[in-house]
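These protein sequence lines are chains A and B, in that order.
Positions 227 to 430 (our numbering) are the ones given, in order, by the first sequence.
Positions 227 to 430 (our numbering) are the ones given, in order, by the second sequence.
Protein chains: 2
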Amino acid sequence: MELPSKILEQAVEQLGTLPGVGKRTALRYALHLLRQDELEVRDMCDALLRLKTDLHRCRCCHNVSDTEVCPLCSSDKRQRGLVCVVENVQDVMALENTQQYRGLYHVLGGVISPIDGVGVNDIEIASLLRRVEQGNPCPVEEVILALPTTMEGDTTGFYISRQLRPLGVKITTLARGVAIGDNLEFADEVTLGRSIVGRIPFEE
Amino acid sequence: MELPSKILEQAVEQLGTLPGVGKRTALRYALHLLRQDELEVRDMCDALLRLKTDLHRCRCCHNVSDTEVCPLCSSDKRQRGLVCVVENVQDVMALENTQQYRGLYHVLGGVISPIDGVGVNDIEIASLLRRVEQGNPCPVEEVILALPTTMEGDTTGFYISRQLRPLGVKITTLARGVAIGDNLEFADEVTLGRSIVGRIPFEE
């Protein structure tokens, strides 16, 4: 598909760098923007640039935040001795949506992945260790490892638990098992195997 | 889904105005941009803004163009007596992709649609009439109406043909019929009905 203009082509190319956006979708976005007022396009660009210029990472948990310390970390309604370690910002949102967790978070910003060139020092592990060690801003009683159940997630969890062990903090991880609403026949065998080995008391 | 930051929320809101983009997809785009360098986000925004500031509409056919007159209109390899009237830029690209048409275009920038508040004067009909009347930049022998086969497209085609009739120019439209590769049983009855009434000589 040849485009009638270099300027349009460049816009399509740039929009095509968004995740999951192919050339056809990028063209649809570009032609949509073309129909908008200049002011509207400018507003969108301003909002996108502010992501890089104005958005903070919370000094304490490294979640995205408008302030230096995020609302969760500065709230006195959370259990401040609980720290849930997650890979990224979306995971915080997913856990917050459950409304089941009232502790704090620590956002690693990735997991250890040698193939992608992500090492121990590329993610927020050192700051987690400091946070537990110094009990700053508050003493940590329990670290919950809520990392992806992939090889990279497991590696990261293993590394962190090895580093935390000497500090005498309680380390837990998310319960594994059959998903609520799942039929047994469709559960994968590793999950099903773990859930029978790690069976729990029946609650009436 | 509550977002941890107003700045992130605004970016998600803006990205959500793109066609077919919901909140979840917009968030995915925003978090992707968050991971990019500031320079890359700036490059994208520059490319998008240039759509509004630097992109021209061809003075002659109203297609998007980097120059005041587009390459198609200024080419001496096209049949300059043929003008194909289309709704939008995508239609030009679709017809160019067929490599079957060597004439010029006229991009209306929409079709008459009272419900959407698009009237005769909101699209490039007057400039088409002038183009045919004045034979400028070249005499027009045939106008091909390649408009969508919707009520709005039909209305627009009907209006244009009524205006063109007195000028004595030949007016044609795209052939209607069963699509190549279609089974008869799946063709809609209006199309199938038209294609039997308007049957054409069999070519061996």
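Each residue gets a CB set at the ideal place from its N, CA and C atoms; glycine is no exception.
Predicted model only: the values in this text are computed from it and were never measured.
Alpha helix (DSSP H) containing B:Thr279: first to last residue?
DSSP places B:Thr279 in the uninterrupted alpha helix (DSSP H) bounded by Glu264 to Thr279.
With respect to the alpha helix (DSSP H) encompassing A:Ile370, which residues constitute its N-terminal and C-terminal limits?
DSSP places A:Ile370 outside any alpha helix (DSSP H); the residue lies instead in the beta strand (DSSP E), whose first and last residues are Glu368 to Leu371.
Reference A:Leu400; option with closest CA among A:Pro427, A:Thr279, A:Tyr327 and A:Leu244
Selected option, being the one with the closest Cα: A:Tyr327.
Report all residues from its chain with a CB closer than 7 Å to the CB of A:Pro365; omit the five preceding and five following residues, and keep chain order.
Here the set comprises Gly307.
Hey, does A:Asp348 have any beta-carbon neighbour from chain B nearer than 8 Å?
The beta carbon of A:Asp348 sits no closer than 8 Å to any beta carbon of chain B.
List, in chain order, every chain A residue whose beta-carbon is nearer than 7 Å to that of B:Ser291.
By Cβ distance, chain A contributes Pro230 and Ser231.
C-alpha gap between B:Ile406 and A:Leu373, whole angstroms
Spanning the two alpha carbons is a distance of roughly 52 Å.
Would you report the Cα separation of A:Pro230 and B:Gln360, rounded to the nearest angstrom?
Going by the C-alpha atoms only, they are around 26 Å apart.
Our contact map puts A:Leu354 next to B:Cys271 with C-beta atoms below 8 Å; I'd like the distance itself, whole angstroms only.
About 34 Å; that fails the 8 Å criterion.
Is A:Leu330 buried or exposed, if buried means 16 or more other CB atoms sit within 10 Å of its CB?
The residue in question, A:Leu330, is buried, as its Cβ has 16 or more Cβ neighbours within 10 Å.
What are the residues that DSSP puts in a beta bridge with B:Cys310?
B:Cys310 pairs with B:Tyr331 and B:Ile370.
Bounding residues of the alpha helix (DSSP H) (the contiguous stretch that carries B:Ile351):
Element bounds for B:Ile351: Ile351 to Gln360.
B:Gln326 at chain A interface by Cβ criterion, 8 Å
Judged by the 8 Å Cβ criterion, B:Gln326 is not in contact with chain A.
How about B:Val267 and B:Asn289: do their beta carbons lie closer than 8 Å?
No, these two residues do not count as a Cβ contact at 8 Å.
Expected contact under 8 Å - CB spacing of A:Thr346 and A:Gly336 to nearest Å
Correcting the residue identity first, residue 346 of chain A is Val in this sequence and not Thr. 11 Å between Cβ atoms; not a contact.
Can you name the residues of chain A whose CB is closer than 7 Å to the CB of B:Pro302?
The amino acid at residue 302 of chain B is misidentified as Pro; the sequence shows Asp. Within 7 Å Cβ-Cβ: nothing; B:Asp302 doesn't reach chain A, min ~18 Å.
List, in chain order, every chain A residue whose beta-carbon is nearer than 8 Å to that of B:Arg276.
Neighbours of B:Arg276 in chain A, taken as residues whose beta carbon is under 8 Å from its own, are Ile233, Gln236 and Ala237 in chain order.
Given 8 Å as the limit, is there contact between the stretch 242 to 256 of chain A and the stretch 240 to 248 of chain B, that is, 3 or more CB pairs closer than that?
Counting C-beta pairs closer than 8 Å gives three or more between the stretch 242 to 256 of chain A and the stretch 240 to 248 of chain B, which meets the contact rule.
Proximity to B:Thr375 [Cα-Cα], best of B:His332, B:His282, B:Cys299 and B:Gly403
Looking only at B:His332, B:His282, B:Cys299 and B:Gly403, the smallest Cα-Cα distance to B:Thr375 is reached by B:Gly403.
On the three-state DSSP scale, how would you describe A:Ile397?
Strand at A:Ile397.
Do you know how far the Cα of B:Val395 is from the Cα of B:Val318?
Cα to Cα, the separation comes out at about 22 Å.
For B:Ser339, three-class secondary structure by DSSP:
For B:Ser339, the three-state secondary structure derived from DSSP is strand.
Checking the sheet assignment: what are the DSSP bridge partners for A:Gln305?
Paired residues: A:Gly329.
Kindly indicate the opening and closing residues of the alpha helix (DSSP H) around A:Ser300.
It spans Pro297 to Ser300 - the alpha helix (DSSP H) in which A:Ser300 sits, taken as one unbroken run.
So which residues on chain B does A:Arg268 lean against when the C-beta distance must stay under 7 Å?
Here the neighbours are Leu275.
Hey, quick one: how far does the alpha helix (DSSP H) through B:Asn323 stretch, first residue to last?
Residues Val315 to Thr324.
What's the C-alpha gap between A:Arg283 and A:His332?
Straight through space, the alpha carbons of A:His332 and A:Arg283 are spaced by roughly 11 Å.
Is DSSP giving A:His258 helix, strand or coil here?
DSSP places A:His258 in helix when its eight states are reduced to three.
Residues in its own chain within less than 7 Å of A:Ala413 by CB, not counting five upstream and five downstream?
Within the same chain, A:Ala413 has close Cβ partners Val404.
Using a Cβ cut-off of 8 Å (strictly closer), state whether A:Arg254 contacts chain B.
Interface residue, yes.
B:Cys271: contacting residues in chain A (beta-carbon distance under 7 Å):
Within chain A, the residues Cys271, Leu274 and Leu275 have their CB atoms less than 7 Å from the CB of B:Cys271, given in chain order.
Bridge-paired residues (DSSP) for A:Val344
According to DSSP, A:Val344 bridges with A:Ser339.
If we ignore side chains and look at the alpha-carbon of each, how far apart do B:Arg425 and B:Val416 end up?
If you take the alpha carbons of B:Arg425 and B:Val416, they lie about 14 Å apart.
Please report the Cβ distance between B:Leu371 and B:Val311, rounded to the nearest whole angstrom; I am assuming they are in contact, meaning their Cβ atoms lie under 8 Å.
B:Leu371 to B:Val311, Cβ: 5 Å. Contact.
Contact set between B:His288 and chain A, taken where Cβ atoms lie within less than 8 Å:
Within chain A, no residue comes near B:His288; the closest Cβ sits about 11 Å away, beyond 8 Å.
Compute the Euclidean distance between the alpha carbons of B:Ser202 and B:Asp280, then round it to the nearest angstrom.
One cannot answer for residue 202 of chain B here, as it falls past the ends of chain B, which runs 227 to 430.
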